[in-house]
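So the protein sequences, as listed, match chains A and B.
Going by numbering that gives the first Met the number 0, the final residue of the first sequence carries number 462, and the count climbs one at a time with no gaps.
Going by numbering that gives the first Met the number 0, the final residue of the second sequence carries number 295, and the count climbs one at a time with no gaps.
Don't be surprised by glycine CBs; every beta carbon is placed ideally from N, CA and C.
These figures come from a predicted structure and were not determined experimentally.
First up is the structure itself, then whatever we jot down about it.
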Amino acid sequence: MSSFSTKVSTAIKTLIVVVLSASALLLLAFGPRAGEELPKDCVIVDYWEKWAGTEEAGIRQIVDDFNQTIGREKRIYVRCLSTSGVIEKTLVATAAGAPPDVAGLYNQNIPQFAAMDALEPLDEMATAHGITADAYKKVFWDECHYDGRLYGLVSTAYDLGLYYNKDILRQRALPLRARGLDPGRAPRTIAELDAYAQAIDQVNASGGIDVAGYIPLEPGWYQNYTCIWFGGSWWDRKNKKFTFTDPGVVRAYSWIQSYSKRFGSQSETAFRSGLGTFDSPQNAFLAGKVAMEQQGTFFANFIEKQKPSMMGKWAAAPFPSFDPNLKDVTYCNCDVLVIPRGAKHKAEAFEFIAFVNRQDVMEKLANSHCKISPLAKVSEQFLDHHRNPYIRTFDSLAASPNAHPTEPIPILPEVNDEMNNFVQRLVMLQVTPEQGLQEMQDRLQQKYDDFMEEQRKRRNVRR
Amino acid sequence: MTKFRHEAWALVRGLAFLSPWLTGFLVFTVVPVCLSLYYSFCDYSLLQPPLFKGLANYRMLWHDPVFRKVLGNTVVYGLLALPLGMLAALGVAMLLNSKIRGVSIYRTIVFLPSLVPAVASAMLWLWLFNSKLGLINTTLNALGVANPPGWLSDVRWAMPALVLMSFWGIGNSVVIYLAGLQDVPRELYEAAEIDGASSLRQVWHVTLPSISPVIFFNLIMGIIGTLQVFATPFIMTGGGPARSTYFFTMYLYDNAFTYLKMGYASAIAWIQLLMVLALTALAAWSSKRWVHYQGR
Chain A
0 MSSFSTKVST
10 AIKTLIVVVL
20 SASALLLLAF
30 GPRAGEELPK
40 DCVIVDYWEK
50 WAGTEEAGIR
60 QIVDDFNQTI
70 GREKRIYVRC
80 LSTSGVIEKT
90 LVATAAGAPP
100 DVAGLYNQNI
110 PQFAAMDALE
120 PLDEMATAHG
130 ITADAYKKVF
140 WDECHYDGRL
150 YGLVSTAYDL
160 GLYYNKDILR
170 QRALPLRARG
180 LDPGRAPRTI
190 AELDAYAQAI
200 DQVNASGGID
210 VAGYIPLEPG
220 WYQNYTCIWF
230 GGSWWDRKNK
240 KFTFTDPGVV
250 RAYSWIQSYS
260 KRFGSQSETA
270 FRSGLGTFDS
280 PQNAFLAGKV
290 AMEQQGTFFA
300 NFIEKQKPSM
310 MGKWAAAPFP
320 SFDPNLKDVT
330 YCNCDVLVIP
340 RGAKHKAEAF
350 EFIAFVNRQD
360 VMEKLANSHC
370 KISPLAKVSE
380 QFLDHHRNPY
390 IRTFDSLAAS
400 PNAHPTEPIP
410 ILPEVNDEMN
420 NFVQRLVMLQ
430 VTPEQGLQEM
440 QDRLQQKYDD
450 FMEEQRKRRN
460 VRR
Chain B
0 MTKFRHEAWA
10 LVRGLAFLSP
20 WLTGFLVFTV
30 VPVCLSLYYS
40 FCDYSLLQPP
50 LFKGLANYRM
60 LWHDPVFRKV
70 LGNTVVYGLL
80 ALPLGMLAAL
90 GVAMLLNSKI
100 RGVSIYRTIV
110 FLPSLVPAVA
120 SAMLWLWLFN
130 SKLGLINTTL
140 NALGVANPPG
150 WLSDVRWAMP
160 ALVLMSFWGI
170 GNSVVIYLAG
180 LQDVPRELYE
190 AAEIDGASSL
200 RQVWHVTLPS
210 ISPVIFFNLI
220 MGIIGTLQVF
230 ATPFIMTGGG
240 PARSTYFFTM
250 YLYDNAFTYL
260 KMGYASAIAW
270 IQLLMVLALT
280 ALAAWSSKRW
290 VHYQGR
């Protein structure tokens, strides 16, 4: 009996070893291979990009186009690597002296990286390729600069408008008309926006919000720039000083807080925390929980993907301003292609960047990301076949003199974090706009001055 | 002489065998730790060479309101999560130590959440805590609670929510407690029973002293773990609302990789290390009074 069980045990062990060995051999023989075979007679340009999913597919299409055309002609091959945490990884790789040749960062990274001498200036290469300011919408050209030098070129770009749910406006036509408002169009001033919102709001018996006409913090991604629609700015570019106590800025944050006061801070917070995530059918706008929302050009892509039944039931317009005379105000943002300091193939890397900034290529990429073109010249074909039916609105907004770029501040991540914290306190009614803004003014100006002083010391040490 | 040469040769051979680990330890632990100490006295962004500035980083920390905030949050989290977590783990371990049918299945169930990656757990709990659609508030609503908390969005409830979630990962501690409980000599309980000790007294006078080294171990690991809490709040709250769940390690990370202030982040790291050392030393000192080792 004992001998039998020993034999069975040995047989099982042998079987396990055989199965595992066979699996390993099969995996070796037929398992995954390196995805890309690199051409031997080409300069390999390493390109790190943050996008994944459909956006990555759009970028890869452009990379393939380059490799098959200009790349083949000039013996350059771009190897694209989609990577999470691209900012941190580019930072560490640059510090280690082994950066990628091209990195796809955000425009707000340019001042921070450029101030620390971590990016290659592109002015000369751009001039050599005939890339000049007049080819771009001014706001995007500005976003690629720091301290007068060009440090990147745009890959994809967007600006903000007001998305509104036409169905909800139609359903709330009576209360809207009762206030003298037209349910067939978007509000044109902040006062009108407030009136539309109040006519649409549906609050239940226990004080909870069922549907909100508008909530400044939904999604709240761009609240740091709300002041531009109030004629304010928290950064004085000329004197390089924060101006958080500017009347326009105070007005903007008082307006944000007015919604928390009207709904009640608890109700507003409870409502927002019960909403679904952005890229899901539970998105507040898609679920019909919020009737009007400030969003970027790309939002049409998410509506199409997550709730196709909503197509044709929404519209977009310029986001209204406080002052009726202040028209076509928008905030513009873009992704940029940069060459980190120490990159091995700068000239070849710029060939790729210049290719992306060609009008036909840029429009193809912009359409795949459902964004606008940062270029001044836009083809009718692009506008006619774009996936966002309101692309003309967004395109003309970005070209407007009231299009506002990201502020070129090297300590911008700290500024953003401070402002986000301030807004959270503001909507919880923990602080008044004046108090919070004064606190930020003092703290951030000190941090900025300290940063600039350290950079000055470094320059002196180098001399 | 021969003996000396023999021992020297043995030492060389020993070091040669150790060298892969030793090299890794020196290159990837000792050197970075020493460098971080130096950087804590510098202005260093990683992208530019370090610029020595003496104690300036430590002085700035002293006056930094955000640092005070994260310090306070971390201490509060530690004071809540550590004792409650230890109590919960010990209680569950005691239950799992009883002779009931299917105990191994229960043990597996308790341990399973520890195997779930932190990101997956965080995503799961994000849904559980959702104020409208979440299972917790749906249950509270069904039980008649009219306005259940907005767990992660309410400044008063975000910290308790994270503490509650920390119980999800007690499986590791439970297994260690369980091993300790199974090591308690049976005869001690028999003796206590003969002496007329109730179950509660048996726990107090037999179980707890017997497993005190295990409790001590879990305490030390818990101190280190709670002072370094990062992934869960980083994913679930990002430190909000209004920095109410912004912890030490998150501020360190932000300074290092978002603000590119490696010198300042290094100073925070050294303060954190000193705090861990001080609390561990305090626990070790106090252990003389309450930790009992068998055979001593």
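Checklist entry - Exposed or buried, M0/A, counting other C-beta atoms within 10 Å across all chains shown (16 or more means buried)? => result Low confidence applies to M0/A: its pLDDT is 49, below 50, so where it sits in the model is not reliable, and the reading given next is rough at best. Looking at its Cβ environment, which holds fewer than 16 other Cβ atoms inside 10 Å, M0/A is exposed.
Item to check | Buried or exposed (CB count within 10 angstroms, at least 16 for buried), E192/B | outcome: exposed
Checklist entry - What three-state label does DSSP hand P400/A in the structure shown? => result coil
Checklist entry - Quick one: is S172/B buried, meaning 16 or more other Cβ sit within 10 Å of its Cβ, or exposed? => result buried
Next on the checklist: For a contact defined as C-beta to C-beta under 8 Å, what are the partners of A241/B on chain A?
Outcome noted: N420, Q423, R424, M427, Q429
Next on the checklist: Check whether the stretch 119–139 of chain A and the stretch 148–159 of chain A touch, using three or more Cβ-Cβ pairs below 8 Å as the test.
Outcome noted: yes
Item to check | Cβ-heavy atom distance, G206/A to the ligand FMN, below 8 Å | outcome: For the structure depicted, the ligand FMN is absent and the ligand set is empty, with no information on it obtainable.
Checklist entry - Do the stretch 149–158 of chain B and the stretch 237–254 of chain B meet, that is, are 3 or more Cβ pairs less than 8 Å apart? => result yes
Checklist entry - Grouping DSSP H, G and I as helix and E and B as strand, with all else coil, what is M124/A? => result helix
Item to check | Inter-residue spacing [alpha-carbon to alpha-carbon] between A342/A and L46/B | outcome: 14 Å
Item to check | Pairwise C-alpha distance: L168/A and E362/A | outcome: 33 Å
Item to check | Neighbour flag for A266/B against chain A, beta carbons, 9 Å | outcome: no
Item to check | Range covered by the alpha helix (DSSP H) that runs through D40/A | outcome: Counting along the chain, D40/A falls outside any alpha helix (DSSP H), and DSSP gives it neither H nor E.
Next on the checklist: Output needed in chain order: residues of the stretch 244–269 of chain B with a Cβ under 8 Å from some Cβ in chain A.
Outcome noted: D253, F256, T257, Y258, L259
Item to check | Closer than 9 Å to chain B by CB, L90/A | outcome: yes
Checklist entry - Taking 9 Å as the CB-CB limit, is D416/A close to chain B? => result yes
Checklist entry - Sorted by chain position, which residues of the same chain lie with C-beta nearer than 7 Å to M164/B's C-beta, five sequence neighbours on each side aside? => result W124, T231
Checklist entry - How is the alpha helix (DSSP H) around M85/B delimited, first residue to last? => result 64–95
Checklist entry - In chain order, what residues of the same chain lie with their CB nearer than 7 Å to the CB of M261/B, ignoring the 5 residues before and after it? => result Y38, Y43, S44, L45, A255
Checklist entry - Would the beta-carbon of M235/B fall within 9 Å of that of L151/B? => result yes
Next on the checklist: What ranges does the alpha helix (DSSP H) occupy inside the stretch 80–109 of chain A, keeping only unbroken runs of at least 4 residues that lie completely in it?
Outcome noted: 85–94
Item to check | Option in A266/B, S285/B, K287/B with minimal Cα separation from S296/B | outcome: The displayed coordinates of chain B run from 0 to 295. Any statement about residue 296/B would go beyond what the structure contains.
Item to check | Local Cβ density within 10 Å of M310/A, reported as buried at 16 or more and exposed below that | outcome: exposed
Next on the checklist: Closer than 8 Å between beta carbons: that is the criterion. Which residues of the stretch 121–142 of chain B meet it against chain A?
Outcome noted: N129, S130, K131, L132
Checklist entry - Around the C-beta of R288/B, are 16 or more other C-beta atoms found within 10 angstroms, so that it is buried, or is it exposed? => result exposed
Checklist entry - CB-CB under 7 Å to Q440/A, same chain, minus the five flanking residues each way: which ones, in chain order? => result F241, F243, T244
Item to check | Beta-carbon spacing of A156/A, A375/A below 9 Å | outcome: no
Item to check | Distance between beta carbons of S259/A and L436/A, contact taken as under 8 Å | outcome: Not confirmed; about 16 Å, so no contact.
Item to check | Nearest residue (CA-CA) to M291/A, options H344/A, S232/A, I199/A, D278/A | outcome: I199/A
Checklist entry - Can you name, in chain order, every residue of its own chain whose Cβ lies under 7 Å from the Cβ of L425/A, other than the five neighbours on each side? => result Y252, I255, Q256, P432, G435
Checklist entry - In chain order, what residues of the same chain have a beta carbon less than 7 Å from the beta carbon of D166/A, not counting five sequence neighbours either side? => result K312
Checklist entry - Are the C-beta atoms of T244/A and some chain B residue less than 9 Å apart? => result no
Checklist entry - For N56/B and chain A, any beta-carbon pair shorter than 9 Å? => result no
Checklist entry - Anyone know if the C-beta pair for A286/A and C331/A falls short of 9 Å? => result no
Checklist entry - From what residue to what residue does the beta strand (DSSP E) around D209/A run? => result 208–213
Checklist entry - Does A94/A come within less than 9 Å of chain B when only Cβ atoms are used? => result yes
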